[in-house]
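**Student:**
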Amino acid sequence: MENSNQRIVLTGFMGVGKSTVARHLAFILKCEKVDLDTVIEETERRTLAEILDNDGEARFRQIETENLRKILCSSEARIVALGGGAWTIKENRQLIKQHRLITVWLESSFAHCWLNIVNSKRVRPLAKDKRQTRKLFDEREKLYCLADWHFIVKPDLTSFEIAKKIADEVFL
Ligand code: S3P
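Here it is, written out as structure tokens:
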């Protein structure tokens, strides 16, 4: 199958490593990547934490969808890294489908994601408390399951190795 122009979306829970895998994937495939959260922060000129804390999650989701639409319509990037909640919104899933991108779910254990969340410098307002975050993780599993491809992120694999596997299986 000739997949050389196929665009892909990376989804998965906070802390699973979407942005890092997207960066490696773009390097391996010699293509552009775009990070939805980064685009939101650049467009809004404030951090995600500021948007979520000041405007609330409902407004954040509107901004997220507006920016996803913009990326899907106008960005040349073949790799799109989503924020962890973007794929859980039906409108976003429909947009991604309409634009014929393949979605790859980076699937991992809660323990792995939580470890990355607590060790990260990034402030994640939706992952402040372990019990609440675990609940969110469990609720979202069934929605991430709707992705076209599921990649189990084993803790012994590096982000580069994960990207290489995705490149080999989805693109070649
Ligand atoms: C969110 C995940 C974040 C970011 C925002 C909301 C979520 O992205 O979009 O804080 O709802 O899971 P990461 O998955 O990159 O942390």
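If you're matching positions, the sequence shown starts at 26 in the numbering used here and goes up one per residue.
Positions of the beta carbon are idealized from the N, C-alpha and C atoms, including for glycine.
1. When the Cβ atoms of the region 161 to 174 are set against those of the region 123 to 142, are three or more pairs found closer than 8 angstroms?
2. CB alanine 47 to CB alanine 106, shorter than 7 angstroms?
3. Please classify leucine 35: is it buried, with 16 or more other beta-carbons within 10 angstroms of its beta-carbon, or exposed?
4. In the DSSP output, which residue or residues are listed as bridge partners for threonine 72?
5. Look at the alpha carbon of leucine 93 and the alpha carbon of threonine 183, and state the distance between them as a whole number of angstroms.
6. Just to confirm the assignment, what range does the alpha helix (DSSP H) spanning lysine 58 have?
7. Using only CA atoms, which one of Leu97, Asp62, Arg165, Ile114 lies nearest to isoleucine 33?
8. Which stretch, first to last residue, makes up the alpha helix (DSSP H) that contains isoleucine 121?
**Tutor:** So, from the data block:
1. Judged by Cβ distances under 8 angstroms, the region 161 to 174 makes contact with the region 123 to 142, as three or more pairs qualify.
2. For alanine 47 and alanine 106, yes; Cβs fall inside 7 angstroms.
3. Counting every other CB atom within 10 Å of its CB across the protein chains shown gives leucine 35 a total of 16 or more, marking it as buried.
4. Answer is none; threonine 72 lacks a bridge partner.
5. When rounded, the distance between both Cα atoms is 28 angstroms.
6. The continuous stretches of alpha helix (DSSP H) do not include lysine 58, which lies in the beta strand (DSSP E) extending over residues 58 to 60.
7. For isoleucine 33, the closest alpha carbon among the candidates Leu97, Asp62, Arg165, Ile114 is that of Leu97.
8. Start and end: 115 to 123.
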